[in-house]
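There are 2 protein chains.
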Amino acid sequence: MALYVQKYGGTSVGTIERIQAVAEKVKKFRDQGHEIVVTVSAMSGETNRLIALASEMQDVPSPREMDVLLSTGEQVTIALMSMALENLGLKVKSYTGSQVRILTDNVHMKARIEDIDVAKIRADLDDGSVVVVAGFQGADKDGNITTLGRGGSDTTGVALAAALKADECQIYTDVDGVYTTDPRVVEGAQRLEEITFEEMLEMASLGSKILQIRSVEFAGKYKVPLRVLSSFEEGPGTLITIEDDENVEKPVISGIAFNRDEAKLTVMGVPDIPGVASKILGPISEANIEVDMILQNIAEDQTTDFTFTVHRNDFDKAHQILTRTSQLLKAREVKGDNKIAKVSIVGVGMRSHAGVATKMFDALADENINIQMISTSEIKVSVVMAEKYLELAVRSLHSAFELGRNDSISE
Amino acid sequence: MALYVQKYGGTSVGTIERIQAVAEKVKKFRDQGHEIVVTVSAMSGETNRLIALASEMQDVPSPREMDVLLSTGEQVTIALMSMALENLGLKVKSYTGSQVRILTDNVHMKARIEDIDVAKIRADLDDGSVVVVAGFQGADKDGNITTLGRGGSDTTGVALAAALKADECQIYTDVDGVYTTDPRVVEGAQRLEEITFEEMLEMASLGSKILQIRSVEFAGKYKVPLRVLSSFEEGPGTLITIEDDENVEKPVISGIAFNRDEAKLTVMGVPDIPGVASKILGPISEANIEVDMILQNIAEDQTTDFTFTVHRNDFDKAHQILTRTSQLLKAREVKGDNKIAKVSIVGVGMRSHAGVATKMFDALADENINIQMISTSEIKVSVVMAEKYLELAVRSLHSAFELGRNDSISE
Numbered sequence: 000m001a002l003y004v005q006k007y008g009g010t011s012v013g014t015i016e017r018i019q020a021v022a023e024k025v026k027k028f029r030d031q032g033h034e035i036v037v038t039v040s041a042m043s044g045e046t047n048r049l050i051a052l053a054s055e056m057q058d059v060p061s062p063r064e065m066d067v068l069l070s071t072g073e074q075v076t077i078a079l080m081s082m083a084l085e086n087l088g089l090k091v092k093s094y095t096g097s098q099v100r101i102l103t104d105n106v107h108m109k110a111r112i113e114d115i116d117v118a119k120i121r122a123d124l125d126d127g128s129v130v131v132v133a134g135f136q137g138a139d140k141d142g143n144i145t146t147l148g149r150g151g152s153d154t155t156g157v158a159l160a161a162a163l164k165a166d167e168c169q170i171y172t173d174v175d176g177v178y179t180t181d182p183r184v185v186e187g188a189q190r191l192e193e194i195t196f197e198e199m200l201e202m203a204s205l206g207s208k209i210l211q212i213r214s215v216e217f218a219g220k221y222k223v224p225l226r227v228l229s230s231f232e233e234g235p236g237t238l239i240t241i242e243d244d245e246n247v248e249k250p251v252i253s254g255i256a257f258n259r260d261e262a263k264l265t266v267m268g269v270p271d272i273p274g275v276a277s278k279i280l281g282p283i284s285e286a287n288i289e290v291d292m293i294l295q296n297i298a299e300d301q302t303t304d305f306t307f308t309v310h311r312n313d314f315d316k317a318h319q320i321l322t323r324t325s326q327l328l329k330a331r332e333v334k335g336d337n338k339i340a341k342v343s344i345v346g347v348g349m350r351s352h353a354g355v356a357t358k359m360f361d362a363l364a365d366e367n368i369n370i371q372m373i374s375t376s377e378i379k380v381s382v383v384m385a386e387k388y389l390e391l392a393v394r395s396l397h398s399a400f401e402l403g404r405n406d407s408i409s410e
Numbered sequence: 000m001a002l003y004v005q006k007y008g009g010t011s012v013g014t015i016e017r018i019q020a021v022a023e024k025v026k027k028f029r030d031q032g033h034e035i036v037v038t039v040s041a042m043s044g045e046t047n048r049l050i051a052l053a054s055e056m057q058d059v060p061s062p063r064e065m066d067v068l069l070s071t072g073e074q075v076t077i078a079l080m081s082m083a084l085e086n087l088g089l090k091v092k093s094y095t096g097s098q099v100r101i102l103t104d105n106v107h108m109k110a111r112i113e114d115i116d117v118a119k120i121r122a123d124l125d126d127g128s129v130v131v132v133a134g135f136q137g138a139d140k141d142g143n144i145t146t147l148g149r150g151g152s153d154t155t156g157v158a159l160a161a162a163l164k165a166d167e168c169q170i171y172t173d174v175d176g177v178y179t180t181d182p183r184v185v186e187g188a189q190r191l192e193e194i195t196f197e198e199m200l201e202m203a204s205l206g207s208k209i210l211q212i213r214s215v216e217f218a219g220k221y222k223v224p225l226r227v228l229s230s231f232e233e234g235p236g237t238l239i240t241i242e243d244d245e246n247v248e249k250p251v252i253s254g255i256a257f258n259r260d261e262a263k264l265t266v267m268g269v270p271d272i273p274g275v276a277s278k279i280l281g282p283i284s285e286a287n288i289e290v291d292m293i294l295q296n297i298a299e300d301q302t303t304d305f306t307f308t309v310h311r312n313d314f315d316k317a318h319q320i321l322t323r324t325s326q327l328l329k330a331r332e333v334k335g336d337n338k339i340a341k342v343s344i345v346g347v348g349m350r351s352h353a354g355v356a357t358k359m360f361d362a363l364a365d366e367n368i369n370i371q372m373i374s375t376s377e378i379k380v381s382v383v384m385a386e387k388y389l390e391l392a393v394r395s396l397h398s399a400f401e402l403g404r405n406d407s408i409s410e
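Just so you know, the sequences run in chain order A and B. Each residue of the first sequence is one higher than the one before, counting from 0 in numbering that gives the first Met the number 0. Each residue of the second sequence is one higher than the one before, counting from 0 in numbering that gives the first Met the number 0.
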């Protein structure tokens, strides 16, 4: 007898038949005596349909009204999901974010959850009901409808699990767990039984798009056991755990993440004076461009080369801004490259193991892959390279760190 | 400087372009200095789309969840309408029924409004905003979403106007007012400048489907001036007024209503004992069949003939029930006719004018139309006839009571 919060994304509830399949799944858990809170996204395609309506109406839609509009997507799903559960003879009650209520700040379209009043949900569970909650949405203190931004349904699931002190928050997706790397790139990629929150955060932010980063942060902060599993196949999925210090058997590296949506910009020959970094990056962030890696080299003639990476979509805009800045700073020139990719090795084990980075660089050198930038954190090492080497790099690292099913045999 | 509540139905907000056209209309009123509260239906087709989804899911959809589902329709419209108004430079704020809040009883799918808290709306109006409220929906005292049933947006409009003490509730539809009869049947049918609530009630319940009956009752009860006008054309529409006793110049007859969805059932030779009417009609109303006209004749041999009309859709079901009842009551036989129609003359003026019914019967007799049933109220006379005579009857009555543009000349 456990309490599970189960989150089903847009693909899992994309059609009437799929909603019915989810209801069958929920019924199995109920039949085993578990208490179930279901949180759902909008049916796949619905959010895009609504966004299209809004953009026909306004070039820049009013954020408040956009939230009123978008929140209808999950509201449709909770009603249909409740009907499907009722059809199977289950007691059920649905709630919108406002009804629960899921209290958020008032930042429309990317609100943050501040509090959840679980009294109604708790009473319904005690009454034997399955509770169905609209994901992605809440209301601010004045009752205005808010949304949490794309992927926010994961956050709703985790926040509900935290507030209800659930035994597990189960995120049902179209993949059956977290893999050592993308199985489309490395055939021998393996599903991980467990991964720590910190590793998952690094994996997620580096492009393994299974979970919304904020939901993982949230789960880590409130110590909610989080499990990623498939809506369509049976299986245990991957459990995302709080790191256990005693567990010395942890592998050094848990996975290889990568990201090809990167672009690199360099200002060459900037006078090396205090505050030059903020002079360069200030205008970039004012334009709402997110900067990822930052690198500064001291050159010989009291000038410096300053390099950073941005999302590839922001490359042209960042290049323009940087060209203006470089004239102001009397820099020598601006260089750009939008054909780069980032590959990272991630693992909490590397904290206690020296030489992990060296092993990575060796493996890449063996393949004659030139490393353009390096960035490290406690549990990851990222390198930037020409995009054309991406697959080769991922495969050789996956093999070097023996992550695959057959690697240990083949070596 | 007046306060208007304006209701726009599904056809008026059926496309992005139409919503924009409504916004332009609202802006004109704002530019003249009026305060405007807009209430809207779901975009035409949307409610049917949602109902189709629900009926794919459940044969008899859960009423509570049906309301959660259907209420998204108007929520989409308020968001889009608000965006359109904002585009024109107006300040605007949208509210769902729950947000206002429009408090209803807990009868899902046909809830009744109990109270409206206008504090937020009043504050927004004072702040110079146009307020856009979702029609058709509210919330019960526990915060469950409710809907008012089809056509309920009219009721929302009237209830808002009553609560806000608005100067007028304007119902925008696809017709430009209330006519003396259906212009498709009588070419010379005329738009009425004014009609009383009572007349409108009789016209509405008799098949002039411009306004939901409940909204007219509501408007009469709270003395809200109600105006029906076109979303698509300019014009004053028809004002539905509180009857003014001093206005002795009222025409005797305001309009001719008709209804072809009728069916007639007769039990012949029922023993004429006390309580026979309730024995016959009890089982009918238990089957949720609404009975319209009722007629009882005393026959010679201490038996009676009992006739009533029902909606044509209910004819078969009513016939079955009646056959069983007639066996129990040892009646002679049951007769039915589902090819009948009802035609009514309506007007507050007939109260003070004798001979109106006679004039009606004469006009019908002149055309050799046989009257099967007669029913009268203070302000209307209804007759049932074979359906084939419907158009002829309406035209001859329209002419006899000089309701048309050319009638006074042609006569």
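Glycine included, C-beta positions come from ideal geometry on N, C-alpha and C. All figures in this text were calculated on a predicted structure; none of them were measured in a lab.
What does DSSP give as the partner residue(s) for residue i in the beta ladder?
| i | result |
| --- | --- |
| I170(B) | K6(B) and V227(B) |
| K341(B) | N258(B) and V383(B) |
| Y178(B) | R190(B) |
| M267(B) | E332(B) |
| L391(B) | BP columns for L391(B) are empty, so no partner. |
| G137(B) | T145(B) |
| L294(B) | T306(B) |
| I115(B) | I101(B) |
| V12(B) | Beta-bridge pairing links V12(B) to no other residue. |
Would you kindly check if the distance between the Cβ of residue j and the Cβ of residue i is under 9 Å?
| i | j | result |
| --- | --- | --- |
| F257(A) | A161(A) | no |
| V39(A) | T76(A) | yes |
| T103(A) | L159(A) | no |
| V215(A) | I252(A) | no |
| G187(A) | G403(A) | yes |
| Q169(A) | K6(A) | yes |
| S43(B) | V21(B) | no |
| S97(A) | A41(A) | no |
I'd like the list of long-range same chain contacts for residue i, defined as Cβ closer than 8 Å, with 5 residues on each side in sequence excluded.
| i | result |
| --- | --- |
| N312(B) | D260 |
| R323(A) | P282 |
| I370(B) | F360, L363, V382, V383 and M384 |
Residue i to residue j, Cα distance in whole Å?
| i | j | result |
| --- | --- | --- |
| K278(B) | K329(B) | 12 Å |
| G142(B) | M372(A) | 56 Å |
| A412(A) | L68(B) | No statement about residue 412(A) is possible, as the shown extent of chain A runs from 0 to 410 and does not include it. |
| I18(B) | A78(B) | 11 Å |
| Y221(B) | K164(B) | 9 Å |
| G150(A) | A133(A) | 13 Å |
| L415(A) | E193(A) | Given a span of 0 to 410 for chain A in the structure shown, any question on residue 415(A) remains unanswerable. |
| F135(B) | Q31(A) | 41 Å |
| E85(A) | D66(A) | 29 Å |
What are the start and end residues of the beta strand (DSSP E) that includes residue i?
| i | result |
| --- | --- |
| K90(A) | Run containing K90(A): none; DSSP gives neither H nor E here. |
| D126(A) | Run containing D126(A): none; DSSP gives neither H nor E here. |
| E34(A) | E34 to V39 |
| L238(B) | T237 to T240 |
Determine the extent of the alpha helix (DSSP H) in which residue i is found, giving its start and end residues.
| i | result |
| --- | --- |
| M372(A) | Unbroken run through M372(A) is the beta strand (DSSP E), M372 to S376; no alpha helix (DSSP H). |
| G281(A) | V275 to E285 |
| Q98(B) | G96 to V99 |
| F400(A) | That residue, F400(A), is in no alpha helix (DSSP H); it is neither H nor E in DSSP. |
| E23(B) | I15 to D30 |
| Q212(B) | In the sequence under discussion, the amino acid at residue 212(B) is Ile, which differs from the Gln named in the question. Looking at the DSSP string, the run of the alpha helix (DSSP H) that includes I212(B) is I212 to K220. |
Once the 5 residues before and after residue i are set aside, which same chain residues still bring their CB inside 6 Å of it?
| i | result |
| --- | --- |
| K263(A) | T308, D336 and I339 |
| S381(B) | K341, S343 and S374 |
| P60(B) | A53 |
| S351(B) | none |
| F314(B) | A262 and N337 |
| T179(B) | A188, Q189, G254 and L402 |
| A218(A) | V157 and L225 |
Looking only at its own chain, which residues have a Cβ that is under 7 Å from the Cβ of residue i, when we skip the five neighbours before and after it?
| i | result |
| --- | --- |
| I320(B) | P282, I283 and A286 |
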